[in-house]
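J.: Sequential numbering from 77 applies to the sequence shown in the numbering used here. Just so it is clear, CB atoms sit at the ideal spot from N, CA and C, and this is done for glycine as well. Here the structure is a predicted model, which is why all the values come from computation and not from measurement. I have a structure here, written as structure tokens, and I will follow up with some questions on it.
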Amino acid sequence: MKTNWVYHIASYLKRVYFKNDRRVVAYLICVGIATGFWFLNALNKTYTVKMTIPVTYTNLPNNKTLENQLPDQFDLTIKSHGFNILRQQVSSLFSPFEFNVKEMTDNRMMVSKRSSFAFPSRQFLTELSNQLSSEMDILSMSPDTLFFKFGQMGHKLVKVKPRVQVSLKKQYQISGDIQANPDSVMVNGPQSILDTMHFVMTDLQKFNAVDEPIKTTVPLSEIKEVFFETQQVVINIPVEEYTEAQLSVPVTVKEKSSEVNVKLFPEKVKVTFKVGLSRFQEIRPEDFKLAVTYSDINQGKQRLKVMPESIPAYLYDLKIAPEEIEYLIQN
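Following this line, the structure appears as structure tokens:
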């Protein structure tokens with residue numbers, strides 16, 4: 077037997093309020109009909125209300141770029157029947173009002189050389205009323221002035237910088253410059269942005285366990301408010317297997333007077349380096365220029381530091397032995 081209090085209350089309500097189901101249903105129907113008539117009568121009356129509508133802008137001047145932020149909604153004071161107001165409020169939830177800049181301003185901004193414009197909102201009220209509903213009167217609009225600030229468009233040829241991360245297999249190395257083709261692209265956009273732009277980057281590309289040259293097409297990294305005439309470039313990454321080599325290279329004395337004779341010990345040093353297999357047979361001692369400076373001798377140094385003056389660009393991990401040499405000044 078049920079004894080909880082919820083059960084007792086429910087039973088009581090059934091006995092008191094629902095003895096005659098037909099009378100309850102009839103009552104509810106009457107209330108519904110009365111409410112409907114009241115609502116229809118209310119919608120038929122004229123009201124003055126404030127309404128906020130979202131807005132988008134179309135047909136901006138294509139020879140200029142907008143630099144300021146335009147309002148994304150208008151606050152309107154509207155006078156109309158309740159039906160029209162309700163319909164507009166529902167409509168604005170699904171589609172924003174389209175503000176055709178070219179038509180609303182009679183194309184004045186396109187042909188003018190000025191960069192700043194201000195239009196009182198009251199000049200748009202009639203056109204706004206026509207677009208929203210011919211049965212609506214727009215009494216006022218906020219903001220009360222629309223401001224447009226433009227910058228001049230321009231174009232510029234800009235260098236492309238490949239952005240890559242390369243992980244190589246053992247005994248392999250990048251054997252030259254990483255290049256983009258084309259190496260420069262034409263960029264269009266606001267002149268104020270172009271003046272500060274010196275290069276454009278590609279999207280980051282990562283390569284792992286590489287043991288051969290790479291040639292791949294990659295997009296350029298997007299930059300807000302600018303347009304690339306070329307949207308992507310081809311990146312070339314030269315990769316090859318390397319070997320270690322060693323040569324005996326003579327050392328010269330820089331800044332030495334022709335009247336002074338300096339004898340170096342040793343006159344040649346060993347140069348050890350790594351080079352790609354394709355270039356191994358090309359390397360000659362004449363490709364290197366190693367030197368010590370006579371100013372070190374004037375300072376009384378007993379040993380002179382050997383410095384590379386010129387080496388082939390495609391070599392790496394260069395080592396010189398010995399790094400310092402002795403000398404003798406001969407009369």
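So, Thr-369 versus Lys-339, is the Cβ gap smaller than 8 Å?
T.: Position 293 of the sequence shown, counted from the start, is the residue given in the question as residue 369. Position 263 of the sequence shown, counted from the start, is the residue given in the question as residue 339. Their beta carbons are not under 8 Å apart, which means Thr-369 does not touch Lys-339 by this criterion.
J.: Let me check understanding here. Comparing Cα to Cα, which of Leu-146, Phe-195 and Ser-205 lies closest to Thr-132?
T.: As a first step, residue 132 must be located in the sequence shown, where it is residue number 56. For Thr-132, the nearest C-alpha among the options comes from Leu-146.
J.: Would you kindly check if the distance between the Cβ of Tyr-390 and the Cβ of Arg-360 is under 8 Å?
T.: As a first step, residue 360 is located in the sequence shown; it is residue number 284 there, counting from the start. As a first step, residue 390 is located in the sequence shown; it is residue number 314 there, counting from the start. Contact flag unset, no.
J.: Does DSSP classify Val-242 as helix, strand or coil?
T.: The residue given as residue 242 occupies position 166 in the sequence shown. Three-state result, Val-242: strand.
J.: What's the C-alpha gap between Met-186 and Lys-140?
T.: Mapped onto the sequence shown, residue 186 falls at position 110. Mapped onto the sequence shown, residue 140 falls at position 64. Answer to the nearest angstrom: the Cα atoms are 8 Å apart.
J.: Identify, in the order they occur along the chain, each residue of the same chain with its Cβ nearer than 8 Å to the Cβ of Ala-367, setting aside the five sequence neighbours on each side.
T.: Within the sequence shown, the letter at position 291 stands for residue 367. Result list for Ala-367: Val-327, Thr-328, Val-329, Lys-330, Val-382, Met-383 and Glu-385, in chain order.
J.: Measure the C-alpha to C-alpha separation of Leu-201 and Leu-142 and round it to an integer number of angstroms.
T.: Locating residue 201 in the sequence shown gives position 125, where the first residue counts as 1. Locating residue 142 in the sequence shown gives position 66, where the first residue counts as 1. Roughly 23 Å separates the two Cα atoms.
J.: Going by the beta-carbon positions, is the gap between Ile-261 and Val-302 smaller than 8 Å?
T.: As a position in the sequence shown, residue 261 is number 185, starting the count at 1. As a position in the sequence shown, residue 302 is number 226, starting the count at 1. The sequence given here has Val at residue 261, not Ile. Result no, Cβ atoms of Val-261 and Val-302 do not sit closer than 8 Å.
J.: Going straight from the alpha carbon of Lys-63 to that of Leu-323, what length do you get?
T.: Beyond the ends of the chain as shown, which are 77 and 407, falls residue 63; an answer cannot be given.
J.: Put Met-186 into one of helix, strand or coil per three-state DSSP.
T.: As a position in the sequence shown, residue 186 is number 110, starting the count at 1. Helix.
J.: Would you give the residue range spanned by the alpha helix (DSSP H) that Ile-387 belongs to?
T.: Here the question's residue 387 lines up with position 311 in the sequence shown. Element bounds for Ile-387: n/a, residue is neither H nor E.
J.: Using 8 Å as the threshold, is the C-beta distance between Pro-266 and Met-229 below it?
T.: Counting from 1 along the sequence shown, the entry for residue 266 is found at position 190. Counting from 1 along the sequence shown, the entry for residue 229 is found at position 153. Yes, these two residues count as a Cβ contact at 8 Å.
J.: Identify, in the order they occur along the chain, each residue of the same chain with its Cβ nearer than 8 Å to the Cβ of Gln-406, setting aside the five sequence neighbours on each side.
T.: Position 330 of the sequence shown, counting from 1, holds the residue named residue 406. Within the same chain, Gln-406 has close Cβ partners Asn-337, Val-338 and Lys-339.
J.: Pick from Ser-251, Lys-189 and Asp-182: whose alpha carbon is nearest that of Val-242?
T.: Stepping through the sequence shown from its first residue, residue 242 is reached at position 166. The candidate whose alpha carbon is nearest that of Val-242 is Ser-251.
J.: Would you identify the three-state DSSP class for Met-217, choosing helix, strand or coil?
T.: Locating residue 217 in the sequence shown gives position 141, where the first residue counts as 1. Note: Met-217 maps to strand in three-state DSSP.
J.: Among residues of its own chain, excluding the 5 on either side of Glu-305, which ones have a beta-carbon nearer than 6 Å to its beta-carbon?
T.: Sequence index remark: in the sequence shown, residue 305 carries index 229 (1-based). Met-262.
J.: Could you check the C-alpha separation between Arg-198 and Val-310 for me, to the nearest Å?
T.: For this step, residue 198 is matched to residue 122 along the sequence shown. For this step, residue 310 is matched to residue 234 along the sequence shown. Approximately 54 Å between the Cα atoms of the pair.
J.: Give the range of the alpha helix (DSSP H) segment to which Met-262 is assigned.
T.: The sequence position of residue 262 within the sequence shown is 186, counting from 1. Careful: Met-262 lies outside any alpha helix (DSSP H), inside the beta strand (DSSP E) at 260 to 266.
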